[in-house]
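J.:
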Amino acid sequence: MTEKLVAYKNFNIASNLLPFIKYMETVEDSREKLDDLTKNWDSLSLLSQLGDAGVNMSRIKNNFSSLSSELINYLASEILKKTVDEMHSKAQVAVDIVIRNLFERTADIGFLATDEKIREFLLKNPTKYTENYENELESIKKHFVEYVEKYSVYFDIVLMNPNGDILANIDKKNLILKSKDSIIKQVLTTSEEFVETYKYHDFLPSYEQSLVYSFKVMQDNQPNSKVLGVLSLCFKFEDEMQAIFHNLKNEKTKECITLLDKSANVIATSDKYHIPKGAQLEKVLNDEYKVVTFGGRDYLSKSCKTNGYQGFFGLGWYGHVMVPIEHAFCDIDGGNFEISEELLLSILQHSEQFPEELKNIPIQASDIQYNLNRAIWNGNVKQSNSKNNNKQFSRALLQEIRNTGEKTKGTIGASMANLTKTMVLGDSQFLADLILDIMDRNLYERANDCRWWALTSDFRKILENEQISRDEREKISAILAYINDLYTVYTSLFVYDKNGVVIAVSKLSQNHLIGQKLSQEWVEKTLNISDSSQYCVSEFETTSL
Numbered sequence: 002m003t004e005k006l007v008a009y010k011n012f013n014i015a016s017n018l019l020p021f022i023k024y025m026e027t028v029e030d031s032r033e034k035l036d037d038l039t040k041n042w043d044s045l046s047l048l049s050q051l052g053d054a055g056v057n058m059s060r061i062k063n064n065f066s067s068l069s070s071e072l073i074n075y076l077a078s079e080i081l082k083k084t085v086d087e088m089h090s091k092a093q094v095a096v097d098i099v100i101r102n103l104f105e106r107t108a109d110i111g112f113l114a115t116d117e118k119i120r121e122f123l124l125k126n127p128t129k130y131t132e133n134y135e136n137e138l139e140s141i142k143k144h145f146v147e148y149v150e151k152y153s154v155y156f157d158i159v160l161m162n163p164n165g166d167i168l169a170n171i172d173k174k175n176l177i178l179k180s181k182d183s184i185i186k187q188v189l190t191t192s193e194e195f196v197e198t199y200k201y202h203d204f205l206p207s208y209e210q211s212l213v214y215s216f217k218v219m220q221d222n223q224p225n226s227k228v229l230g231v232l233s234l235c236f237k238f239e240d241e242m243q244a245i246f247h248n249l250k251n252e253k254t255k256e257c258i259t260l261l262d263k264s265a266n267v268i269a270t271s272d273k274y275h276i277p278k279g280a281q282l283e284k285v286l287n288d289e290y291k292v293v294t295f296g297g298r299d300y301l302s303k304s305c306k307t308n309g310y311q312g313f314f315g316l317g318w319y320g321h322v323m324v325p326i327e328h329a330f331c332d333i334d335g336g337n338f339e340i341s342e343e344l345l346l347s348i349l350q351h352s353e354q355f356p357e358e359l360k361n362i363p364i365q366a367s368d369i370q371y372n373l374n375r376a377i378w379n380g381n382v383k384q385s386n387s388k389n390n391n392k393q394f395s396r397a398l399l400q401e402i403r404n405t406g407e408k409t410k411g412t413i414g415a416s417m418a419n420l421t422k423t424m425v426l427g428d429s430q431f432l433a434d435l436i437l438d439i440m441d442r443n444l445y446e447r448a449n450d451c452r453w454w455a456l457t458s459d460f461r462k463i464l465e466n467e468q469i470s471r472d473e474r475e476k477i478s479a480i481l482a483y484i485n486d487l488y489t490v491y492t493s494l495f496v497y498d499k500n501g502v503v504i505a506v507s508k509l510s511q512n513h514l515i516g517q518k519l520s521q522e523w524v525e526k527t528l529n530i531s532d533s534s535q536y537c538v539s540e541f542e543t544t545s546l
């Protein structure tokens, strides 16, 4: 401990712990027990002067007292560290999960903007005043509806011509006819593969702010192709953030998890009545934590910028966690794990998570007790040879000294075991739950992908043929390669025909699969699917694929 020490209820603690220690119930419980034992040592020290126990009580008392203060310091500092580390993890995960999700949205807009049905609609209907516009509008709306049924993260799809005339959307309540939004110019002039905006959009007048992914629809995939229109995917940002917050938030600590924009304004919050959207907060990036005041209340606070995902960093947002100090440590426990104290202390000694000074505390307690037992044994021998009239008193005193030493050692051991349980097992449970949540979310996206790609017009047209030419196979492979470049989570993609024979792959390295007949159980199950909302998942197994 390098911090300056200050007095706290008969113990010397590091000054940086003073604002928090009174709220740490487990530390206070250990402190009270050790304080009671310290008073016992004081009484025994006084009584030893009346008898002739032959034990240096002053040294023993000071040794245990010093060790107790050291223990309380480490208990408090490790619990503070655990709390701050968890805040850091939640702030980091909150922003990284959403950025990981939004990376997929950039792939969505990139692929949907090349959709043949959308291109055909725009070619036939550059304005609303073409002859078959109304009939074809219903068809393109159904196409959009089917898309949002697969990708349920969108609340609307808006298609407009380069002049901003709204040609199609699926929100029946949104009757706006024309947009003058700045994103139209951005989309038409950008050299990037998408335009991401979080702001007020005039074609979504019911939303003060919305997250939209837009791109130009061109006549074909050639770089200088004619621009037919602008396509916008409107993301359910609030729903996404609440789902993330729900899985991270600990109700017991009254914490509030937020997402901040570049200017540190709250754009999403786990509790709008606690810390509302629009509030401007102080970012805490370079410090491990900071105590900040908001609404007349003190909070532990921590911010994290995103690590990004495959070079995508979004709009420069921050994850930010604030926990009221008085509740920050109320959920410090190791869960419902029944583990012996002996095993927990063994975990402590072999864990790299704890400093050596902390590991030495139970060892020092055992050494003090060992030396105390030797002193008591010597004292008993001395009393046996003594003619002192206070023999019985001295022996009773020695026994009480031994018992108090054992109680002190036991309290130190129990405190250390509880700390180990809290730090190691509590963290393990949090991380395990987090990993499962991330995996579930990721695999759900994969189900969306395959169901939508299966509806690709060119796939369906080609696969209807009895004989598939080499050029047609190459066309499907080119589409798969384009998709795989956008959706980089996939090692490879392939298409097989109604006989289970692979006809196209997304990667040249997988060309050896073409012509191979697949025999896995999921192949037949997939071919029997008759509803575009259904999908099939293979077992997690080793395959030739």
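For reference, each letter of the sequence shown is one residue, going 2 to 546 in the numbering used here. We treat Cβ as the ideally placed atom computed from N, Cα and C, and that holds for glycine.
(1) Look up Gly335 in the DSSP assignment and say whether it is helix, strand or coil.
(2) So, is Ser215 buried or exposed, given that buried needs 16 or more other C-beta atoms within 10 angstroms?
(3) Under 6 Å Cβ to Cβ from Tyr290, same chain only, skipping five residues before and after it: list those, please.
(4) Following the continuous beta strand (DSSP E) through Asn170, name the residue where it begins and the one where it ends.
(5) Could you check the C-alpha separation between Ile73 and Val28 for me, to the nearest Å?
(6) Could you tell me if Asp157 is buried or exposed, where buried requires 16 or more neighbouring beta carbons within 10 angstroms of its beta carbon?
(7) So is Trp42 buried or exposed if we call it buried at 16+ other beta carbons inside 10 Å?
(8) Grouping DSSP H, G and I as helix and E and B as strand, with all else coil, what is Ala144?
(9) Just the Cα atoms here: how many angstroms apart are Asn443 and Met242?
(10) Quick check on the burial criterion: 16 or more other C-beta atoms within 10 angstroms. Buried or exposed for Lys143?
(11) Report yes if the CB atom of Val292 is closer than 8 Å to the CB atom of Glu283, and no otherwise.
(12) Cα separation between Asn466 and Glu475?
(13) Over what stretch of residues does the beta strand (DSSP E) that includes Asp299 continue unbroken?
(14) Taking all protein chains shown into account, do 16 or more other C-beta atoms lie within 10 angstroms of the C-beta of Arg1, making it buried, or fewer, making it exposed?
(15) Can you give me the C-alpha to C-alpha distance between Glu193 and Ile326, rounded to a whole angstrom?
(16) From Gln220 to Val228, what distance separates their C-alpha atoms?
(17) According to DSSP, is Glu137 part of a helix, a strand, or is it coil?
(18) Applying the 10 Å Cβ sphere with the 16-neighbour rule, what's the burial state of Ile530?
(19) Flag this pair as touching only if the stretch 190-209 and the stretch 173-182 have three or more C-beta atom pairs under 8 Å; answer yes or no.
(20) Excluding five sequence neighbours on each side, which residues of the same chain lie with their C-beta closer than 7 Å to the C-beta of Ile258?
(21) Excluding the five sequence neighbours on either side, which residues of its own chain have a C-beta within less than 8 Å of the C-beta of Leu437, listed in chain order?
(22) Quick one: give me the first and last residue of the beta strand (DSSP E) that Ala269 is part of.
(23) So does the stretch 128-140 actually touch the stretch 162-177, counting three or more Cβ pairs closer than 8 Å?
T.: Looking at the atomic coordinates:
(1) Position 334 of the sequence shown, counted from the start, is the residue given in the question as residue 335. With a pLDDT of 48 at Gly335, under the threshold of 50, the modelled position of that residue is not reliable, and no figure is offered here.
(2) Position 214 of the sequence shown, counted from the start, is the residue given in the question as residue 215. Classification of Ser215: buried, given that the 10 Å Cβ count is 16 or more.
(3) Within the sequence shown, the letter at position 289 stands for residue 290. Cβ within range, chain order: Val85, Leu301, Lys303.
(4) Along the sequence shown, one-based indexing puts residue 170 at 169. From DSSP, the beta strand (DSSP E) with Asn170 extends over 167-170.
(5) Within the sequence shown, the letter at position 72 stands for residue 73. Within the sequence shown, the letter at position 27 stands for residue 28. Going by the C-alpha atoms only, they are around 7 Å apart.
(6) Translated into the one-based positions of the sequence shown, residue 157 becomes position 156. Per the 10 Å Cβ criterion, buried.
(7) Locating residue 42 in the sequence shown gives position 41, counting from the first residue. Classification for Trp42: buried.
(8) Against the sequence shown, residue 144 aligns to sequence position 143. This sequence places His at residue 144; Ala is not what is there. In the three-state reduction of the DSSP assignment, His144 falls in the helix class, which pools H, G and I.
(9) Translated into the one-based positions of the sequence shown, residue 443 becomes position 442. Translated into the one-based positions of the sequence shown, residue 242 becomes position 241. Their Cα atoms are separated by approximately 15 Å.
(10) Taking the sequence shown and counting its residues from 1, one reaches residue 143 at position 142. Around the beta carbon of Lys143, a 10 Å sphere encloses fewer than 16 other beta carbons of the protein chains shown; the residue is thus reported as exposed.
(11) In the sequence shown, the residue the question calls residue 292 occupies position 291. In the sequence shown, the residue the question calls residue 283 occupies position 282. No, the Cβ-Cβ distance between Val292 and Glu283 is not below 8 Å.
(12) Start at 1 with the first residue of the sequence shown, and residue 466 comes out as number 465. Start at 1 with the first residue of the sequence shown, and residue 475 comes out as number 474. Distance between the alpha carbons of Asn466 and Glu475: 15 Å.
(13) Here residue 299 corresponds to residue number 298 of the sequence shown, with the count starting at 1. Residues 298-306.
(14) Nothing can be reported for residue 1, as the shown portion of the chain is limited to 2 through 546.
(15) In the sequence shown, residue 193 corresponds to position 192, counting from 1. In the sequence shown, residue 326 corresponds to position 325, counting from 1. Taking the straight line from one Cα to the other gives about 45 Å.
(16) Here the question's residue 220 lines up with position 219 in the sequence shown. Here the question's residue 228 lines up with position 227 in the sequence shown. If you take the alpha carbons of Gln220 and Val228, they lie about 6 Å apart.
(17) Residue 137 sits at position 136 when you count from the first residue of the sequence shown. It is helical.
(18) Taking the sequence shown and counting its residues from 1, the one referred to as residue 530 is at position 529. Flag for Ile530 reads exposed.
(19) Contact between the stretch 190-209 and the stretch 173-182 is present: three or more C-beta pairs spanning the two stretches fall below 8 Å.
(20) Residue 258 sits at position 257 when you count from the first residue of the sequence shown. So the qualifying residues of the chain are Lys91, Ala95, Phe246, Leu249, Lys250, Ser271, Val322.
(21) Residue numbering aside, residue 437 sits at position 436 when the sequence shown is read from its first letter. Counting only Cβ-Cβ distances below 8 Å, and skipping sequence neighbours, we find nothing.
(22) As a first step, residue 269 must be located in the sequence shown, where it is residue number 268. For Ala269, the uninterrupted beta strand (DSSP E) run begins and ends at 267-270, by DSSP.
(23) Yes, the stretch 128-140 touches the stretch 162-177.
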